[in-house]
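Notes follow the structure.
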Amino acid sequence: MTTADQEETEVDQWSGPGLQIEQEFDGNQDRLQADEDAEARLPGEGPNAIKLYLQEIRKTPLLTFEQEQELGKRIAQGDKEARAHMIEANLRLVVSIGKRYINRGLPFSDIIEEGNLGLIRAAEKFQYQRGFRFSTYATWWIRQAIERAIVNQVRTIRLPVHTAEVVRAYTRTVTALTREKGYEPAAAEVAKKMKLSIQKVRALSMLTRDTFSLDLLIGDSGENSLLDILRDDNAASPDQALDDEGRSRHVREWVSQLTAVQREVIELRYGLKTENFLTLETIGKRFGLTRERVRQIEKQAIQQLKRHVRSRNIAMNDML
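Residue numbering for the sequence shown is 52 to 371, as defined by the numbering used here.
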């Protein structure tokens, strides 16, 4: 059994019957819950670094929402003890997220170390005033830290789909220009053909070569890293993710106050249950109703939702 296999087994055991980590819906929050008597029932033949670490981080109790808010206030005031407490109470979150990255090229201990760096960053930037659970915010930073480490330290890099497509387009363009001109084209020529900046073309050129670091500074000014140049501008930032989660939470809350039929119609019409937006006719067939009757139910439901939204001084277009 390889080291990675042993680590995966150990973490699976920790999150199995001996110490269950389960996702519990709490508004918009995935909370980690642990059995009180789990430590005495951790499986395995003998102590090792991973098991000891898992046992150690369990000693710090999980935080309630109120405790997170209080710590957030103190952190904003520069309280280092509060920052340390927030971090220690959420180390189990790093383990839970890090488990998904086993066998991706990094030892589990390194995954946890990188995830902890993301957790520290999240604690430093946490905006408690927005009323979200800390783990909702921290998850984004933890994943980013782990994924960055995997990309930077693994020789074979799995490129994001959007980047891989641009690289293929770059390769085709260079090949075509080389055949046309009889020599390898300069970055400026490729940039003009692809309608991209010279800086991005240089970054693409590096992607087609040997091992590199996404933190490598490139360009004449040396101010931008390869990661900056190739970043997907459509990817959500942690603040955007929080805004999206906030809207989803409000929508679910208000939709739950509709009648059963109204709720079903709204959920199916606006893709709240599935990724598909169903037509009035399709919904009507599902419930044995006419298209016009479904339209009436939808209209009534929207009017009721608008009343809920207006009572909180929120624009309806911001929510649906």
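Just so you know, even glycine gets a beta-carbon here, dropped at the ideal spot from N, CA and C.
Unbroken alpha helix (DSSP H) run spanning residue i, endpoints
i    : result
D161 : F159 to K176
L105 : A100 to I108
A133 : K131 to E139
K124 : F116 to A127
K335 : For clarity, residue 335 is Gly in the given sequence; the question names Lys instead. Note, G335: alpha helix (DSSP H), L331 to F338.
K244 : A238 to M245
L309 : Where L309 is concerned, there is no enclosing alpha helix (DSSP H), given that its DSSP letter is neither H nor E.
A149 : First, the residue type needs correcting, since residue 149 is Gly and not Ala in the sequence shown. Residues L142 to G149.
Alpha carbon of residue i to alpha carbon of residue j, nearest angstrom
i    : j    : result
I162 : K110 : 21 Å
Y152 : I197 : 8 Å
G149 : K124 : 28 Å
G335 : K176 : 48 Å
Q195 : L157 : 15 Å
K246 : P236 : 15 Å
A352 : L340 : 16 Å
V241 : W191 : 35 Å
E75  : E343 : Because the pLDDT of E75 is 32, which lies under 50, any placement of that residue in the model is unreliable, and the number read from its coordinates should be weighed accordingly. When rounded, the distance between both Cα atoms is 39 Å.
E315 : V306 : 9 Å
A127 : E304 : 30 Å
L228 : F328 : 45 Å
R358 : G129 : 41 Å
A382 : I348 : Outside the displayed span of the chain (52 to 371) sits residue 382, for which this structure offers no information.
V217 : A200 : 23 Å
E107 : I193 : 20 Å
G233 : Q250 : 24 Å
R184 : F116 : 6 Å
T207 : I171 : The predicted model places T207 with a pLDDT of 43, which falls under 50 and marks its position as unreliable, so this point remains unresolved.
A323 : S256 : Before going on, a small fix: residue 323 reads as Leu here, not Ala. About 42 Å.
L105 : Q308 : 42 Å
T333 : T310 : 20 Å
Counted within 10 angstroms of its Cβ, other Cβ atoms place residue i as buried (16 or more) or exposed
i    : result
S248 : exposed
R181 : exposed
L103 : exposed
E231 : exposed
T54  : Because the pLDDT at T54 is just 47, under 50, the model does not fix this residue reliably, and the value given afterwards should be weighed accordingly. Answer is exposed; the Cβ neighbour count stays below 16.
Q354 : exposed
D88  : Because D88 sits at a pLDDT of 34, beneath the cut-off of 50, its placement in the model cannot be relied upon, and the following sentence gives the value as read from the coordinates. Label assigned to D88: exposed.
R337 : exposed
E318 : buried
Whole-angstrom C-beta distance between residue j and residue i, which should lie under 8 Å
i    : j    : result
L331 : R346 : 5 Å
A135 : L114 : About 13 Å; that fails the 8 Å criterion.
Q120 : Y188 : So it is not a contact: roughly 13 Å between Cβ atoms.
A100 : S186 : Going by Cβ atoms, the distance from A100 to S186 rounds to 25 Å, so no, they are not a contact pair.
T224 : K244 : 5 Å
A238 : R219 : With 8 Å as the limit, A238 and R219 do not qualify as a contact, their Cβ atoms being about 18 Å apart.
Notebook entry, point to check: Do the segment 136-144 and the segment 156-170 touch if we need at least three Cβ pairs shorter than 8 Å?
Noted result: yes
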